[in-house]
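Worksheet: the structure to be examined is printed underneath.
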Amino acid sequence: MLKIAVYGKGGIGKSTTVSNMAAAMADKGLQVMQIGCDPKADSTILLRGNEKLTTILDLVRTKQDQFTLDEMVRLGYKNIVCAEAGGPTPGLGCAGRGIIAALTKLAEKGAYEKYQPDVVLYDVLGDVVCGGFTMPMRPGYADYVVVVTSGENMSIYAAANIATAVQQFQNRNYAKFAGLVLNRRNVKDETAKVQQLADDIESKIIGSIDRSDLIQSAEELGKTVVEAFPEAPLTQQYRNTGRSNCDQL
Amino acid sequence: MKHTASIISRYTADISGVCSALYELGGMTVMHDAGGYGSLYATHDEPRWYDQDSLIFVSGLTETQAILGDDQKFLEDTIQAAQRLKPRFIALTGSPIPMVIGTDFPALALEVAQATDIPTFGFNTDGMHPYTTGIDQALTAIATRFCTEALPKTPNLTVNLLGVTPLDFSVNGTVSALTESLAAHGITVHSNWAMYNDLDALKKASQAHVNLVVTTGGLGVAKLLQQRFKMPYVVGMPYGPALMAQAVTAIQTADQTGVNQSILNCTKGADTYFIGETVTTMSLATAYQQATGQGSRVICPVDAQSGLLTENELTAHDEDDIRDCLKTATTIVADPLYQPICPASARFVPLPHEAFSGRIYHDTMPNLVTDFAPFLQSLV
Ligand SMILES: Nc1ncnc2c1ncn2[C@@H]1O[C@H](COP(=O)(O)OP(=O)(O)OP(=O)(O)O)[C@@H](O)[C@H]1O
Ligand SMILES: [Mg+2]
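One line per chain: the protein sequences are R and W, in this order. Going by the working numbering, the first residue of the first sequence is number 1, and it counts up by one from there. Going by the working numbering, the first residue of the second sequence is number 1001, and it counts up by one from there.
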């Protein structure tokens, strides 16, 4: 089982990238599980059509422990197992602790045993702001961390921060840094800037996605690009990124 | 109201379970907490505190450390103390504050172990689970780490006692009486998990023939030792001569067949209620039934999916639920702090339990291995 946690600056395209990668991996016959670790709970939206999915923390809120694994997940495109951690009441509670509670519940209810996924993708919110957001990189969860970044300074800055955090946790047996996915914003010298970051953190670019309106067109259909436009060059880029995630690790 | 106790006490929590189980093993236990839990443990849960040394520390977690996620002081203090005191192992335990900020104890344990070269365990205790789960975690961790070799069996029939702490048996001679009584039947206690023994005795557990699980806190170790060394186990606490005779037969059978045995055999009866830890209380109800022919009901408020419960047992743990269960009872056997929620019409037989009332009734805890007959007398 290959488990990858995907981090990156807010709005950089983590959920889009993860969902498309998941779809590309599922196309290859892999059993994929995608877990949204973000109170917005919009990670798996493109994978499950119009199927509603109650977040894990909403289940905990309304039913304490009286719910089943089936209520926590939806099977989406090509049987991708979709789950959303959810979050506390906005403005209250603790989102980070919520991620811990949600991921613990998922494991407790036997999600990994039941679905036996080949690949698990954790789509994690923004920066590593508190203990809760390192949960997906703790032992038993992801083995590798991938960071999505563009060539914009803020995005590079966030990516460098995450890489440093991952580095600091090496003596705790946390996940290893696997590489960067360049999600283009078409800023000047984009490839060179991101390559520079990769060199600085002694890592590499393991995938590269063009900026494209096709993503919005697919979103309007409620689908990933991989599902809606299987022949598009962009789809090929997601397939390549998915493959290098699987192969190179 | 759910999860609220406005009249009765609460069972002590997982942190105390860990500390109590490890108290005599020569390790060093650090509670990561602001300080309050340490005095709770020392004052209420640990009757050995003033008579027997043990390396128990509280980290003195501050608000700033918690907010900033600063584990460094906790790590440095622990490492420094360990380097000076050279304990045989280190146990890190959590309280509610670290739980809320998501402190990763297994990860911190790894760092401490790397710095000190001393085996270190990180327990994700949070003060919100019953003490039995703490005992189970602690003893299982010890067995996982230190009982790795299948040693040659002892020539005579031997057992390990699993799940033994003062939280369930106080320090009133119950455990020694159990050991003597087994010896009188030709069964030697090889190791005791974990009173009156040090780590070296526990390390040799695989030499024994059978494990005797006397509380649910010992179940995890029993299962682990069975998996590793094919050691069978017997579940039950032999109170009184009749149940002891059954336990002896069960231990012999387990030894000969390799099949697990249970001496818990109490059936449903309407009027008499027992409340307490799962194995000890079901054992008591079984002994009562052997002596009187009467069934009973057993309430197990701290049962954490032990797999031992039958339709006779109730798992109620909220005050309101327990009160509802007791409505039709005519006789109730429980810790004295339960009495205020018992119907006035019922006869109340006090059975103090350290894990529930702490030191309050410490001096009157009965030794039910030696004094089972008078206890039964008070019941019928
Ligand atoms: N390669 C791309 N080309 C064009 N638009 C893109 C691309 N990648 C992502 N987007 C768009 O960027 C927006 C944000 O993407 P997404 O929701 O995947 O980001 P995110 O990193 O998951 O955000 P958040 O941090 O809020 O969870 C979406 O509207 C998406 O359509
Ligand atoms: Mg997102």
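Note that CB positions come from ideal geometry on N, CA and C, so glycine has one too.
DSSP puts residue i in a beta bridge; with which residues?
i, result
"L69 of chain R", "Bridge partners of L69 of chain R: none, in fact."
"Q1261 of chain W", "W:V1234"
"A1334 of chain W", "W:P1350"
"K9 of chain R", "Answer is none; K9 of chain R lacks a bridge partner."
"K1268 of chain W", "W:S1296"
"E1076 of chain W", "The partner list for E1076 of chain W (beta bridge, DSSP) is empty, contrary to what the question assumes."
"K229 of chain R", "Just to set this straight, residue 229 of chain R is Phe in the shown sequence, not Lys. Its beta-bridge partners do not exist; DSSP assigns none."
"F1274 of chain W", "W:V1298 and W:V1333"
"A1013 of chain W", "W:P1130"
Using a C-beta to C-beta distance shorter than 9 angstroms, which residues of chain W count as neighbours of residue i?
i, result
"C82 of chain R", "Within chain W, no residue comes near C82 of chain R; the closest Cβ sits about 24 angstroms away, beyond 9 angstroms."
"R172 of chain R", "D1104, P1106, A1107, L1108, L1110 and E1111"
"M135 of chain R", "G1102 and D1104"
Helix, strand or coil for residue i per DSSP?
i, result
"S1039 of chain W", "helix"
"F169 of chain R", "coil"
"V1279 of chain W", "helix"
"G93 of chain R", "coil"
"C1147 of chain W", "coil"
"N1211 of chain W", "strand"
"T241 of chain R", "helix"
"K3 of chain R", "strand"
"C82 of chain R", "strand"
"A1365 of chain W", "The question names Ala, but residue 1365 of chain W in the sequence shown is Met. Looking at M1365 of chain W - three-state DSSP - the assignment turns out to be coil, as it is neither helix nor strand."
"R74 of chain R", "strand"
"T1133 of chain W", "helix"
"I205 of chain R", "strand"
"L47 of chain R", "coil"
"E1313 of chain W", "strand"
"C1342 of chain W", "coil"
"V187 of chain R", "coil"
"Y157 of chain R", "helix"
Along chain W, in chain order, which residues have C-beta atoms closer than 7 angstroms to that of residue i?
i, result
"C130 of chain R", "G1069"
"I45 of chain R", "None at all; the shortest Cβ gap to chain W is about 27 angstroms."
"I100 of chain R", "G1102"
"R61 of chain R", "Those within 7 angstroms of R61 of chain R in chain W number zero; the least Cβ separation is about 14 angstroms."
"G96 of chain R", "G1102"
For residue i, report the span of its beta strand (DSSP E) as first-last.
i, result
"G179 of chain R", "K176 to N183"
"Q121 of chain R", "The question names Gln, but residue 121 of chain R in the sequence shown is Leu. Unbroken beta strand (DSSP E) run through L121 of chain R: V119 to V124."
"G1094 of chain W", "I1090 to G1094"
"V1298 of chain W", "S1296 to I1299"
"V148 of chain R", "Y144 to T149"
"T1120 of chain W", "T1120 to F1123"
Taking C-beta pairs closer than 9 angstroms, name the residues in chain R that residue i reaches, listed in chain order.
i, result
"D1014 of chain W", "Residues of chain R passing the Cβ test: none, with the nearest at roughly 15 angstroms."
Taking the continuous alpha helix (DSSP H) assigned at residue i, which residues delimit it?
i, result
"D1070 of chain W", "D1070 of chain W -> no alpha helix (DSSP H), and no H or E assigned at all."
"D1200 of chain W", "L1199 to K1203"
"I56 of chain R", "I56 to K63"
"C1325 of chain W", "E1319 to C1325"
"Q34 of chain R", "Where Q34 of chain R is concerned, there is no enclosing alpha helix (DSSP H), although the beta strand (DSSP E) it sits in stretches over V32 to C37."
"G132 of chain R", "Unbroken run through G132 of chain R: none, as it is neither H nor E."
"S1306 of chain W", "Looking at the DSSP string, S1306 of chain W is not in any alpha helix (DSSP H), and its letter there is neither H nor E."
"N1192 of chain W", "Unbroken run through N1192 of chain W is the beta strand (DSSP E), T1188 to W1193; no alpha helix (DSSP H)."
"P1374 of chain W", "F1372 to L1379"
"P1106 of chain W", "F1105 to T1116"
"S19 of chain R", "K14 to D27"
"T191 of chain R", "E190 to D200"
"Y1239 of chain W", "First-last for Y1239 of chain W: undefined, no H or E at that position."
"K1223 of chain W", "L1219 to F1229"
"S1006 of chain W", "It is not in any alpha helix (DSSP H) - S1006 of chain W carries neither H nor E in the DSSP assignment."
"A41 of chain R", "Element bounds for A41 of chain R: n/a, residue is neither H nor E."
"S217 of chain R", "L214 to E220"
"E113 of chain R", "A111 to Y115"
Name, please, each residue of chain R whose Cβ falls closer than 8 angstroms to the Cβ of residue i.
i, result
"P1106 of chain W", "P139"
Residues of chain R with a CB under 7 angstroms from the CB of residue i: which are they?
i, result
"Q1114 of chain W", "N171"
Every unbroken alpha helix (DSSP H) within the segment 1154-1179 of chain W, with a cutoff of 4 residues, ordered by chain: Listed in chain order, they are 1166-1169.
Start-end ranges of the beta strand (DSSP E) lying completely within the segment 1018-1064 of chain W, minimum 3 residues: DSSP assignment within the segment 1018-1064 of chain W yields the following whole beta strand (DSSP E) runs of 3 residues or more, N-terminal first: 1028-1032 and 1055-1058.
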